[in-house]
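**Q** For the sequence shown, full-length UniProt numbering assigns the number 1 to the initial residue and increments by one for each residue that follows.
Heads up, the beta-carbon is just placed ideally off N, CA and C, and yes, glycines get one too.
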Amino acid sequence: MVWAAFCYNGKVSLQITRGRQTSQHYTKASEDNLLPFADLLGGPQWQFQWQQDNASIYTANNTNVWFNSQNIKFLDWSVCSPDLNPIENLSGIICRKIYSNGRQYSSVNELNISIEDVIVRHSSPKLCKI
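(1) Rounded C-beta distance between Q24 and N62? I'm assuming under 8 Å.
(2) Going by C-alpha to C-alpha distance, which of Y58, R121 and Y99 sits closest to W3?
(3) Near residue 133, what residues of its chain come up, given a Cβ to Cβ distance below 6 Å and the 5 sequence neighbours on each side ignored?
(4) Span of the beta strand (DSSP E) holding Q15?
(5) Quick one: what does DSSP say A55 is sitting in, helix, strand or coil?
(6) Express the C-alpha separation of Y26 and F67 in angstroms, rounding to a whole number.
(7) Less than 7 Å separating the beta-carbons of L84 and Q49?
(8) Ends of the alpha helix (DSSP H) at F37?
(9) So, is A29 buried or exposed, given that buried needs 16 or more other C-beta atoms within 10 angstroms?
(10) Using a Cβ-Cβ cutoff of less than 6 Å, which residues in the same chain neighbour R72 once the five nearest sequence positions on both sides are dropped?
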């Protein structure tokens with residue numbers, strides 16, 4: 001799984017995880033990445049809204065408890081409109097770039113390096129437009 005967050009100014013936080021993910025993995029990834037990312041962008045008192053889809057690990061009770069304990073508010077979106085979720089648009093950009101010209105990868109590590117390269121080199125200007 002690729003855990004990613006981005007902000008209006010094109011800044012990105014990224015973590016690549018392996019294996020089956022649970023709500024515990026998701027809250028840990030959010031704790032390790034989202035909170036420092038938010039602090040970096042707006043400081044520890046910054047009030048922001050978080051958007052995610054309705055995957056079961058995102059809507060599990062312990063996930064909601066953790067987000068509530070961090071005072072993180074959610075931006076609602078329609079399940080029937082995935083195109084309105086900016087992270088889905090970012091995923092599309094990443095996939096098109098890493099698999100351009102029929103590119104294939106011989107290892108997970110090689111794929112991960114390509115994902116990180118695309119994020120660092122290519123996405124920031126486009127993120128400001130998403």
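**A** Judging by the given coordinates:
(1) Confirmed, about 7 Å.
(2) Of the candidates Y58, R121 and Y99, the residue whose Cα lies closest to the Cα of W3 is Y58.
(3) Residue 133 falls outside the range modelled here, since the chain spans only 1 to 130, and no answer is possible.
(4) Following the DSSP letters along the chain, one finds Q15 inside the beta strand (DSSP E) bounded by residues V12 to I16.
(5) Coil at A55, not helix or strand.
(6) Straight-line measurement puts the Cα of Y26 at about 11 Å from the Cα of F67.
(7) Contact check for L84 against Q49 fails: the beta carbons are separated by 7 Å or more.
(8) Per DSSP, F37 belongs to the alpha helix (DSSP H) from L35 to G42.
(9) Counting the other CB atoms within 10 Å of its CB gives A29 a total of 16 or more, which places it among the buried residues.
(10) According to the sequence displayed, residue 72 carries Ile and not Arg. So the list reads W50, once near-sequence residues are dropped.
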